[in-house]
Amino acid sequence: MNLVINELKLQWIEMRQYWFETITSLGFLLVMFLGVFFGIKGFVLQQGDNQTLDSLIFGFLLWTFASTAYGSITRSVIEDTQKGYIEQLFMCPKGFVGLMLSRSLADIIPSLITVTLMAYLVMFITGNWLNINFLAMYATLLLSAPSLVGFALILCGLTLVYKKIETVSAVLSLLLMGLVAIDGLPFNAFSLLPFASGATMAKNIALLNEPFIMTHLLIVSANSLVYLGFGIFIFKFFEKKAKRLNLIGQY
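In terms of this note's numbering, the sequence shown opens at residue 10 and continues consecutively.
Following this line, the structure appears as structure tokens:
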């Protein structure tokens with residue numbers, strides 16, 4: 010818990026120090042989404058399908074959260090490797106994985122606040138007001154976030170060995186749009202993908218106000234546990250390889 014608190018303090022310090030970067034990043038996401046929204050709004054209204062616009066707004070919120078959960082530790086490891094002090098992080102008493110998990114949780118908590126603010130801002134600008142159950146959305150996103158963290162740990166392991174994977178990371182960030190758009194529930198082949206079932210469950214409960222289904226909860230929980238465990242396993246594999254080849258302190 011102390012690690013999480015310290016990481017939250019660090020997040021706050023960096024946000025204040027680099028406030029311009031924080032604002033411009035959020036502004037870029039907002040402008041990008043509004044361009045897509047108003048670009049298809051006319052076509053959708055001609056079809057008389059307002060639900061598509063609602064799903065688009067909610068999908069944007071899910072993608073914003075997923076990008077943070079997935080990209081926080083990946084970006085952190087890449088930057089720490091480039092700055093040359095990644096080796097020092099391995100001296101953390103809680104272990105490097107424990108540090109990364111704490112850092113991820115510290116990034117996820119503020120992202121829920123960001124998603125909430127973005128939700129009202131987007132709804133105000135677009136005029137599409139959604140009846141979102143934020144409490145249900147928070148619970149579902151927190152439950153499904155470990156699957157994204159596990160996937161990010163795999164990329165962190167690759168970073169230790171191959172150093173530069175920014176292109177792969179950027180492409181996978183875009184693929185997150187597909188994960189929040191596909192139907193991962195009820196159980197199907199898409200349910201095996203990270204976060205897909207969690208995104209569908211969040212949409213069903215928080216946006217469509219569908220009843221809670223226990224089997225869906227089990228699917229999302231299993232997906233999170235499997236990907237988190239698999240991510241830690243793969244990261245440990247690449248960590249051992251990097252140490253054996255003396256690559257951790259090199260860039």
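In this text, a Cβ means the ideal position worked out from N, Cα and C, and glycines have one as well. From a predicted model like this one, the values you see are computed outputs, not experimental measurements.
From the listed residues T77, K252, L35, F42, the smallest Cα separation to L126 is found for L35.
Judged by beta-carbon spacing, V229 lies beyond the 8 Å limit of W72, meaning their Cβ atoms are not closer than that value.
By the C-beta criterion, the region 132 to 144 is judged not to be in contact with the region 170 to 183, since fewer than 3 inter-stretch pairs fall below 8 Å. I95 is classed as buried because its beta carbon has at least 16 other beta carbons within 10 Å across all chains shown. In this chain, the alpha helix (DSSP H) harbouring F239 covers 223 to 253. In the structure shown, G136 falls within a coil segment according to DSSP collapsed to helix, strand and coil.
Spatial neighbours of L152 in its own chain (CB-CB distance under 6 Å, excluding positions within 5 residues in sequence) are listed in chain order as V229. Measuring C-alpha to C-alpha distances from S206 to each of E219, A231, N218, P220 identifies A231 as the nearest. Between L162 and the set G193, G80, L202, the nearest pair of CA atoms involves G80. The closest CA to that of I241, considering only K18, L167, M100, is found on L167.
Counted as a single uninterrupted DSSP element, the alpha helix (DSSP H) harbouring S206 occupies residues 205 to 211. Annotation: the continuous alpha helix (DSSP H) that includes E175 extends over 175 to 190. Between M210 and T149, the C-beta gap is smaller than 8 Å, which places the two residues in contact. Counting C-beta atoms within 10 angstroms of its own C-beta, K252 has fewer than 16 neighbours from the protein chains shown and is therefore classed as exposed. Per DSSP, reduced to three states, the secondary structure at P119 is helical.
For F99, no alpha helix (DSSP H) run applies, since DSSP gives it neither H nor E. Within the same chain, Cβ atoms closer than 8 Å to the Cβ of L19 are found at A115, the five residues on either side in sequence being excluded. Sequence-distant partners of M109 (beyond 5 residues in either direction) whose C-beta falls short of 6 Å from its own C-beta, in its chain, are I82.
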